[in-house]
Each structure stands twice: as C-alpha cells, then as structure tokens.
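To start, the structure itself, in structure tokens.
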Amino acid sequence: MKTAAVITFPGSNCDRDMFVALDKIFNKTYRLWHKGTKIPDDVDFIAIPGGFSYGDYLRSGSMAANSPIMSEVKKFAANGGYVLGVCNGFQILTEAGLLPGVLLRNKELKFISKQITLEIANNNSQFTKGYNKKHIEIPIAHHDGNYFCDDATLESLEENNQIAFKYLANPNGSCKDIAGILNKKKNVLGMMPHPERAIDELVGGLDGLPLFQSLLK
Amino acid sequence: MKARIHVTLKPGVLDPQGTAIKKSLDNLGIDSVSSVTQGKYFEITLNENDKQKAEQTVEESCKSLLANTVIENYSFEIIEA
Numbered sequence: 011m012k013t014a015a016v017i018t019f020p021g022s023n024c025d026r027d028m029f030v031a032l033d034k035i036f037n038k039t040y041r042l043w044h045k046g047t048k049i050p051d052d053v054d055f056i057a058i059p060g061g062f063s064y065g066d067y068l069r070s071g072s073m074a075a076n077s078p079i080m081s082e083v084k085k086f087a088a089n090g091g092y093v094l095g096v097c098n099g100f101q102i103l104t105e106a107g108l109l110p111g112v113l114l115r116n117k118e119l120k121f122i123s124k125q126i127t128l129e130i131a132n133n134n135s136q137f138t139k140g141y142n143k144k145h146i147e148i149p150i151a152h153h154d155g156n157y158f159c160d161d162a163t164l165e166s167l168e169e170n171n172q173i174a175f176k177y178l179a180n181p182n183g184s185c186k187d188i189a190g191i192l193n194k195k196k197n198v199l200g201m202m203p204h205p206e207r208a209i210d211e212l213v214g215g216l217d218g219l220p221l222f223q224s225l226l227k
Numbered sequence: 002m003k004a005r006i007h008v009t010l011k012p013g014v015l016d017p018q019g020t021a022i023k024k025s026l027d028n029l030g031i032d033s034v035s036s037v038t039q040g041k042y043f044e045i046t047l048n049e050n051d052k053q054k055a056e057q058t059v060e061e062s063c064k065s066l067l068a069n070t071v072i073e074n075y076s077f078e079i080i081e082a
C-alpha cells in the first residue's frame with residue numbers, strides 16, 4: 011500500500027494529526043472533505059479521524075456516518091480496501107454499520123485523557139502484525155468510549171478473532187475491556203485510543219508507528 | 002402533520018446519566034424515586050397528508066437515524082393537525 015487518505019467532517023479535530031502520521035509513512039496522503047463523493051483511484055488506505063464531528067449531535071458519529079463520502083467508504087471497504095477509524099472515527103464506523111456494536115458514554119461519566127496500556131489481542135491482522143511485543147502504550151482522550159454489543163455479537167467477535175486491542179486497566183467500562191475491533195474480513199479496524207498520537211518519541215511515544223508501518227506491506 | 006417520537010435505551014443498556022440524575026434528585030430531597038432513565042424526544046413536522054405515508058416516513062427516519070437500534074427503542078404518534 012502506498013497511498014492513504016484522511017477524511018475531514020465538520021467538527022473533526024484530529025484530522026491534521028492523522029495526516030501528519032500518514033504523511034510520515036505513506037508515499038502520498040490525500041485530505042478528503044466529507045462532501046466529496048469520489049475517493050481517488052490510487053487510495054489503498056482510508057483513515058477516519060477523531061474529534062467531535064457534527065458536535066456529537068444526536069449520537070457521536072451518527073450524522074457523519076450519513077455523509078456523502080461514507081457510501082464511497084463502504085464500497086471501498088466492501089472491495090477489500092483498508093479502513094481505520096480512531097475515536098470519533100470508531101464511532102462513525104459503528105454508526106455506519108461497518109463495525110458491530112456501539113460506543114456509549116464512559117461508565118464513570120468523565121472525559122478521560124491519559125496514556126494507557128493496551129494488550130494486542132489479535133497479532134495477525136494487517137494492522138497489528140508489525141508489533142513484536144504484547145503490550146503497547148497509546149494515549150486515549152474520550153467521553154464516549156464504552157464499547158457495547160449484545161451477547162451474540164460478543165460471541166461472534168471472539169469466535170472470529172475480531173478483538174484487536176484490550177485495555178489492561180479498563181478506563182471506561184467497555185465490555186470485555188475492548189479498546190478496538192476488526193470486521194470479519196479484518197480490513198476495517200476501529201479503536202478508541204489514538205495511535206497517530208504515538209509516532210514521535212518526544213510526544214506520546216512510538217507505539218503507534220508499527221500499526222501504520224505494517225499497512226505498507 | 003406532526004410526529005412525536007420517543008427514543009429510549011433498551012432495558013439492560015447501561016445508563017450512567019440516568020443514574021446520575023437520580024442521585025441529584027436524591028440530593029434535592031426527592032427520595033421516593035427508585036430509578037431514572039434518560040431518553041430523547043423529537044417533534045417532526047411533515048409535508049404529508051396521507052397518514053400511512055407519514056407513518057412510513059417516520060418509521061424510516063427512526064430506523065435509519067433517530068434511533069440506534071443496537072441500544073435504543075423508538076415509539077411515535079402521528080398527529081393530524
């Protein structure tokens with residue numbers, strides 16, 4: 011994979027950080043506005059960034075999930091294209107039906123902003139195969155990161171090895187300490203922590219880098 | 002035509018905001034409240050004269066946007082005004 015794209019919705023505020031991370035690694039990175047109805051033909055990987063798209067009105071990610079560009083993202087994913095949703099991006103992917111479940115208000119009702127340790131639960135996906143250690147340190151910053159799904163969905167996630175990351179010390183009440191999940195085909199990843207904030211030793215550490223680097227292969 | 006829509010959390014879905022609201026009612030001395038859950042209320046005005054069509058439109062709006070059916074139930078009434 012050589013070409014990436016990051017989508018900006020009204021209220022996205024982590025799109026620039028995501029662009030900086032992708033630009034560091036990919037040959038070419040597009041910045042796409044949510045009203046666009048075409049994804050450039052050379053795009054191999056799409057990132058949906060964090061923030062407060064549409065002010066979190068109605069439900070976080072619910073309006074962005076219906077933006078014009080999302081029907082193109084759905085087609086792209088259906089054709090095997092790789093998609094990463096971070097934080098609000100994860101919320102948008104669940105609202106768009108590209109990932110199962112939903113992100114609820116954090117159990118303790120507080121916005122949480124801190125560095126956290128994650129366990130890599132699936133080390134074989136295109137996103138996670140670049141890690142040679144079991145635990146990584148990634149920043150989180152969210153109010154609605156409490157992952158929820160019904161028992162049948164949870165069983166399916168576990169059976170199909172779709173849980174990508176788990177919290178070691180669950181900060182938000184997520185069921186089974188889930189921090190990130192993959193779709194069945196393993197080409198779509200949604201996660202609440204921000205790997206794009208862990209690509210520089212000076213700020214946030216380097217544990218986010220392998221996720222983006224392994225996408226190149 | 003007007004539609005009045007209620008969207009509420011399915012039983013069993015954690016509602017920490019409802020719990021916090023109950024605690025605040027307790028603090029106000031209103032102590033006969035045993036539980037609170039918080040939902041959403043929408044009013045939609047439709048350019049529609051056919052009640053059945055209006056119901057279909059509202060049903061579709063609820064399913065596709067107003068409610069996340071993973072965690073929410075919805076109910077509505079149509080008022081011919």
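As given, the protein sequences belong to chains L and X, one line each in that order. With the first sequence counted from 1, adding 10 to any position gets you the numbering used here. With the second sequence counted from 1, adding 1 to any position gets you the numbering used here. In this text, a Cβ means the ideal position worked out from N, Cα and C, and glycines have one as well.
Check, Outcome
"Quick one: what does DSSP say G140/L is sitting in, helix, strand or coil?", "coil"
"Closest to G60/L by C-alpha separation, out of Y40/L, L103/L, A88/L, would be which residue?", "L103/L"
"Would you say A74/L and F19/L are within 7 Å of each other, going by their C-beta atoms?", "yes"
"Assuming G215/L and E129/L are in contact, meaning their beta carbons sit under 8 Å apart, how far apart are those beta carbons, in whole angstroms?", "So it is not a contact: roughly 16 Å between Cβ atoms."
"Between which two residues does the beta strand (DSSP E) carrying Q125/L extend?", "122–130"
"For the region 21–36 of chain X, which residues have a beta carbon sitting closer than 8 Å to at least one beta carbon of chain L?", "A21"
"Chain L beta carbons: is any one of them nearer than 7 Å to that of I72/X?", "yes"
"So, for A14/L: in the same chain, excluding its five sequence neighbours on each side, which residues have a beta-carbon less than 6 Å away from its beta-carbon?", "L32, F36, T39, F55"
"Near V77/L, which residues of its chain fall below 8 Å by C-beta distance, leaving aside the five closest residues on each side in sequence?", "Looking at the sequence shown, residue 77/L is not Val but Ser. Closer than 8 Å at Cβ, skipping near neighbours: F19, H44, K45."
"For a contact defined as C-beta to C-beta under 8 Å, what are the partners of V14/X on chain L?", "L114, F158"
"DSSP state of F36/L, grouped into three classes?", "coil"
"Less than 7 Å between CB atoms is the rule here; does N83/X satisfy it with respect to chain L?", "The structure shown does not extend to residue 83/X, since chain X is modelled only from 2 to 82, so the question has no answer here."
"If you follow the beta strand (DSSP E) that N156/L is in, where does it begin and where does it stop?", "156–158"
"To the nearest angstrom, report how far apart P203/L and D66/L are at their CA atoms.", "18 Å"
"Could you tell me which whole beta strand (DSSP E) segments of length 3 or greater appear in the region 155–208 of chain L?", "156–158, 173–177, 188–192, 198–201"
"Along the region 116–133 of chain L, what residues have a CB closer than 7 Å to any CB found in chain X?", "K117, L119"
"Starting from F55/L, follow its DSSP beta bridges and name the residues at the other end.", "A14/L, Y92/L"
"Locate the beta strand (DSSP E) running through L113/L, then write down its first and last residues.", "112–114"
"Using a C-beta cutoff of 7 Å, does R207/L count as contacting chain X?", "no"
"Counting Cβ pairs closer than 8 Å, one from the region 14–27 of chain X and one from the region 206–221 of chain L, do we hit at least three?", "no"
"Strictly below 9 Å CB to CB, what residues from chain X border N76/L?", "S65, L66"
"Which residues does DSSP list as the beta-bridge partners of H152/L?", "I122/L"
"Establish whether the CB of R26/L and some CB of chain A are separated by less than 7 Å.", "Absent from the structure: chain A. Protein chains present are L and X."
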